[in-house]
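Student: Residues in the sequence shown are numbered consecutively from 1, following full-length UniProt numbering. Built from N, CA and C at the ideal position, the CB exists for glycine as well. Model, not experiment: these values are computed from the prediction. Input: one structure, supplied below.
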Amino acid sequence: MLLLTFLVAVPTAPAAAAANLVCTAGTSYSLRQDGSLQSVTSTGAIAQIATPGSLTWTVGASTSRGVDEANGLGITADGSRAYALERWTVGTNHYVRVMVYTASTNTWAWADGTGAQGGFDTRETGGFVVAGAVDTRTGLYLFGLFSGSRFRLYSFDPATAQYRSLGSFATGMSGSINGDMAFDAQGNLYVVGSTSTATTIFSVSAEQIGAAIASPAGDQQITAARPNSGNVSSYVTSVNGIAFDQDGSILLANGSRMDRFNPSTWAWGGTVTTELARNNVTSTDLSSCATPPTLTVEKEILARADGSDQFVLSIATGSTTVTSATTTGSATGIQDVAAGPVPVSVGTTYRFTEVMAAGSATELGRYTSSWACTVVTAAGATETVATGTGTSGSLTVTTAQAGRPITCLFTNAPKPTLTVHKHVTERAAAADQFTLTAERDGQTVASATTTGSAVGLQTRAAGPVVVEPGASYTVREAMAPGSPTAIDGYDSSWTCLVTDRATGAQAPLVSGDGTDGRVDVPSDIGASAIDCTFTNAPRPTQLTVVKDVVARVDDTDQFALSLLDPAGASIGEAVTQGQDTGEQAQRIDAVTVVPGQTYAFAESMASGSASALDQYESSYRCTIAATGAVISEGDGARGTVSIPTDAIGESVTCVIVNAPAEASLVVTKTWEVNGETYPDGEQPEGIEAALLLDLGEGATQAPWGGESTGLTAGDVVRIDERTTISSSMSGCTLTRAVATGDGIDGESPVPLTVDIVAGRQTVAITNTVECVSTLSLLKVVESPSGGTAEPADWVLTAESDDGTLIEVDGDDELTEANTISVTPEADHLLGERDAAVRSYTGTYVQVAVERFTADPDEPGALADPANWTAIDGPVAVGFGEHTIVRFVNREVPLPALPLTGGAGPVWYLAIGGALIALALVLGLVLSRRRRAPGED
């Protein structure tokens with residue numbers, strides 16, 4: 001809301017006193033762009049009444065301007081005043097200022113008491129104010145504009161000179177829209193929107209206008225009805241003015257022309273004038289202080305036959321539907337929703353109707369309908385002008401009703417009815433259905449057959465059928481064709497209640513046992529409803545489900561029993577307790593079942609049980625208690641039992657038996673030796689393990705990978721092994737033995753115990769062995785001729801098949817230096833060469849490479865030649881073994897010198913030296929070829 005106060009006022013010159021504007025039929029008023037007010041009669045006579053004269057206002061600091069954008073004419077109900085707007089634009093914002101015409105002085109003045117620039121900013125950039133009217137109930141001046149697809153409404157209070165934004169409503173229109181608005185005598189607002197192709201009337205109720213005015217927040221969302229629209233472009237285009245004549249005619253005008261139309265059909269009633277424009281100043285708006293007659297069709301519901309019942313109310317003239325509305329909710333009395341009000345035309349006949357809305361449960365013929373039309377006279381009295389019965393009526397608007405509100409009220413009350421319902425407490429068979437009938441004098445007047453398998457009140461019923469007060473009817477039920485059960489398989493009873501539809505109060509009427517009964521309709525039943533309900537229950541047959549436990553796999557094991565009806569719904573549950581064996585005290589006891597139907601039962605492990613159900617072997621047997629006859633049996637934890645059709649009243653017992661399930665155990669062996677995995681039997685020779693199983697009667701040896709049978713779920717087995725490593729494999733150590741597999745969480749060290757589960761259970765034991773293999777290289781030097789060579793004068797070598805070369809200094813004793821870890825079972829080529837510095841005399845040749853075969857820790861064993869065996873070729877050290885090899889070199893004696901004649905010793909020495917040199921060369925070559933060394 002924007003409230004403006006101005007400082008400068010330039011009043012118009014006073015004029016001679018004049019009478020109020022004419023508010024009778026045949027007179028309307030036109031406002032021209034310059035603010036000139038002129039009257040127009042129904043014959044087209046135009047008379048100028050007043051001009052703004054010297055009415056000016058100041059623009060900015062000094063510029064003064066007169067009225068040149070006047071619009072929005074509205075006249076008070078008594079014609080004493082008229083209001084209009086001066087419009088202007090600042091930037092993109094549209095402003096207005098209200099000016100008031102006073103009939104007693106025949107002058108215009110600023111209604112806000114100032115002539116300074118300011119005014120009310122509509123805060124709209126999309127449209128100019130084009131409409132204005134005076135609210136006949138509040139006296140407020142309302143004005144509005146079309147913006148986009150909405151019409152925005154504002155108010156000006158002449159008493160306080162305050163402007164407010166009231167709100168807006170959706171129009172569904174687009175493009176360039178002009179128009180106007182007017183009020184009827186009750187304060188209902190009518191807005192006309194006009195485009196180049198259509199002219200549409202919107203109506204806003206006086207209640208909504210009042211709520212928008214009363215709201216302190218303003219800018220309310222307003223709901224507008226859209227009674228009808230028509231195309232008047234053949235007669236008048238660019239409509240900018242609307243006024244109602246007292247006979248209901250709607251006057252539409254543009255800048256120069258005014259035409260008359262029927263507000264309901266948009267039928268053209270002739271051109272009133274084409275002379276609205278004067279001196280090139282066009283007309284911008286129309287108004288009148290006469291109000292049109294209006295028609296509203298209301299609905300009074302004394303009671304609804306069904307809570308879903310709704311009614312569509314319509315107003316039509318000829319083939320044109322003027323408006324319609326549909327009731328909502330469940331309230332009785334006069335409904336909030338009505339068709340109208342709509343402006344109507346004197347002399348036109350209007351037809352009003354009611355029909356049932358889509359989704360209503362009741363036909364309109366089951367209601368009594370009447371109607372009455374009233375008019376509010378000029379004196380304020382309500383006068384009935386037409387009445388009738390039925391669902392439609394008509395009314396011709398008379399001259400006497402011109403300008404008055406007319407209301408036609410439909411009143412409905414449901415006729416008395418009889419309905420036969422069915423309540424099924426339980427079906428003996430899921431396919432059982434019931435046929436319900438209501439009869440009068442032996443003739444069926446209503447019937448229905450139930451469907452589905454649901455229990456409780458069935459959705460299908462016979463009726464409702466309209467009944468005659470004081471008459472007698474027979475209600476009946478029978479089994480529908482195809483039902484497995486006969487009607488005598490059920491206990492039947494019936495009861496009838498009378499319901500007052502207006503209050504909802506119920507009272508018993510009649511009841512009885514059996515499948516039929518007589519109903520006498522009370523003579524004073526009025527609009528009440530009779531509802532008769534047959535209730536059926538099958539004769540009981542009982543089923544008990546028992547649990548028999550042979551033994552428990554675990555002491556915590558408990559069993560949950562369940563029983564399902566033929567539709568799969570649970571009808572019984574039980575959970576065992578304790579540790580007793582045999583038949584358990586907890587059971588599903590004596591559940592009522594229906595002969596001819598099939599029921600499902602099952603067991604599962606109860607919460608908290610240590611075992612799963614597959615650890616048990618389950619079987620079941622169902623018998624009739626009285627005869628012991630077996631009617632169902634089988635294996636498994638689930639079963640079904642079909643109750644014989646002739647087992648009415650019998651007791652059936654189903655026993656589910658459980659025993660721990662059969663099981664077996666397989667234990668496998670895997671070896672990991674120096675990081676390489678071997679199945680049992682393929683591990684290095686000398687490493688072995690025997691499987692020991694204790695089933696509770698002492699440990700016995702069992703084959704690896706063999707299946708131990710004769711076990712049951714819940715047994716406990718101790719698994720152990722006896723591991724041996726050959727004494728020759730002193731470098732091998734068992735570092736780890738773990739078990740994995742069924743019943744083991746992760747891995748477990750050996751020995752261990754496992755809980756046996758049903759079926760074939762496998763445990764895998766993996767032994768990890770670390771073997772360190774060592775090779776010792778010794779050097780033995782024999783000097784029979786006095787040579788000075790020592791073992792350290794040689795370097796001993798061993799090269800593995802992966803190219804790894806080992807070199808040690810010669811020594812005839814076992815030391816850490818000449819004992820080296822080697823890859824097990826890898827071939828090693830042996831060799832020797834001179835040390836870097838040769839310090840001995842004499843000539844030596846290799847005479848043997850030997851392998852030690854005894855225990856080196858035995859005293860003197862290394863010195864005993866019997867413990868050495870000659871070898872030829874590569875040496876492989878077994879897993880965990882210690883292999884000792886020695887190289888034996890012997891001095892070569894020099895030949896004796898001759899004592900007589902011949903060559904002297906020099907030649908012998910020369911030949912000997914050559915032979916030694918040749919031996920050294922050959923030895924070097926052989927060493928480089930990784931062969932056994934030759935002579936030195």
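If you draw a straight line from the C-alpha of R226 to the C-alpha of T399, how long is it?
Tutor: If I take the Cα positions, the gap works out to 26 Å.
Student: In this structure, how does DSSP classify P464 when only helix, strand and coil are distinguished?
Tutor: P464: strand per DSSP, three-state reduction.
Student: In the DSSP output, which residue or residues are listed as bridge partners for R260?
Tutor: According to DSSP, which records beta bridges pairwise, R260 is partnered with L251, G270.
Student: Do you know offhand how far I250's Cα is from A379's?
Tutor: Between I250 and A379, the C-alpha separation is close to 25 Å.
Student: Spatial neighbours of D135 within its chain, please: C-beta separation below 7 Å, excluding the five flanking residues on both sides.
Tutor: L142, F183, G187, I209, listed in sequence order.
Student: Helix, strand or coil for E207, going by three-state DSSP, please let me know.
Tutor: E207: helix per DSSP, three-state reduction.
Student: Taking the alpha carbon of residue 940 as the reference point, which residue from F887, E676, R152 has its own alpha carbon closest?
Tutor: What is shown of the chain runs 1 to 936, which leaves residue 940 out entirely.
Student: If you draw a straight line from the alpha carbon of E790 to that of V781, how long is it in whole angstroms?
Tutor: The alpha-carbon atoms of E790 and V781 are separated by roughly 6 Å.
Student: CA-CA distance, A402 and P343?
Tutor: Each residue's alpha carbon lies about 10 Å from the other.
Student: For a test of the three-state rule: what should DSSP assign to P791, helix, strand or coil?
Tutor: Helix, per DSSP.
Student: How far does the beta strand (DSSP E) with E298 in it reach, from first residue to last?
Tutor: Per DSSP, E298 belongs to the beta strand (DSSP E) from 294-301.
Student: Thinking C-beta only, is E672 closer than 8 Å to T762?
Tutor: Not closer than 8 Å, so no.
Student: Could you tell me which residues DSSP pairs with P405 in its beta bridges?
Tutor: Note: P405 sits in a beta bridge opposite T294.
Student: Alpha carbon to alpha carbon, what distance is there between S28 and A267?
Tutor: Approximately 20 Å, taken between the alpha carbons.
Student: From the DSSP output, read off the bridge partner residues of Y235.
Tutor: According to DSSP, Y235 bridges with nothing at all.
Student: Which same chain residues, not among the five before or five after residue 963, have their C-beta less than 6 Å away from its C-beta?
Tutor: Only positions 1 to 936 of the chain appear in the structure, and residue 963 is not among them; the question remains open.
Student: Measure the C-alpha to C-alpha separation of T122 and A211 and round it to an integer number of angstroms.
Tutor: Distance between the alpha carbons of T122 and A211: 21 Å.
Student: Nearest-angstrom Cα distance between W907 and G787?
Tutor: The pLDDT assigned to W907 is 38, lower than 50, so where the model puts this residue is not dependable, and the model offers no usable value.
Student: Can you tell me whether DSSP reads A663 as helix, strand or coil?
Tutor: Strand, per DSSP.
Student: Taking G179 as the reference, give the member of G172, S168, G148, G144 with the closest Cα.
Tutor: That would be G144, whose Cα lies nearest to the Cα of G179.
Student: In chain order, what residues of the same chain have a beta carbon less than 6 Å from the beta carbon of P341, not counting five sequence neighbours either side?
Tutor: Cβ neighbours of P341 beyond the five flanking positions: N188, T294, T296.
Student: Nearest CA to the CA of I884: which residue from Q683, S773, D793, V892?
Tutor: Comparing Cα positions, the closest option is S773.
Student: Helix, strand or coil: how does DSSP classify N889 here?
Tutor: Three-state result, N889: strand.
Student: From the DSSP output, in three-state form, read off N867 for me.
Tutor: Helix, per DSSP.
Student: Three-state secondary structure (DSSP) at G193?
Tutor: Correct three-state label for G193: strand.
Student: Could you check the C-alpha separation between A217 and F156 for me, to the nearest Å?
Tutor: Their Cα atoms are separated by approximately 16 Å.
Student: Name the DSSP beta bridge partners of Y473, please?
Tutor: According to DSSP, Y473 bridges with V519.
Student: Quick one: using the 10 Å Cβ neighbour count with 16 as the cut-off for buried, is E650 buried or exposed?
Tutor: Label assigned to E650: buried.
Student: Along the chain, where does the beta strand (DSSP E) that runs through F434 open and close?
Tutor: Here the beta strand (DSSP E) through F434 covers 434-440.
Student: For D557, which residues of its own chain have a beta-carbon under 6 Å away from its beta-carbon, when the five flanking residues on both sides are left out?
Tutor: Here the set comprises S609, S611.
Student: I'd like to know whether the C-beta atoms of Y473 and E439 end up nearer to each other than 8 Å.
Tutor: Closer than 8 Å, so yes.
Student: Please report the straight-line C-alpha distance between E633 and V655, rounded to a whole angstrom.
Tutor: One C-alpha to the other measures close to 9 Å.
Student: When we look at the beta-carbon of T199 and count the other beta-carbons within 10 Å, is it buried (16 or more) or exposed?
Tutor: With 16 or more other Cβ atoms within 10 Å, it is buried.
Student: Quick check on DSSP: helix, strand or coil for L862?
Tutor: In this structure, L862 counts as coil in the three-state DSSP scheme.
Student: Tell me whether the beta-carbon of V376 lies closer than 8 Å to the beta-carbon of P405.
Tutor: Yes, the Cβ-Cβ distance between V376 and P405 is below 8 Å.
Student: Run the CB neighbour count on G746, radius 10 Å, all protein chains shown included, and call it buried at 16 or more, exposed below.
Tutor: Exposed: under 16 other Cβ atoms inside 10 Å.
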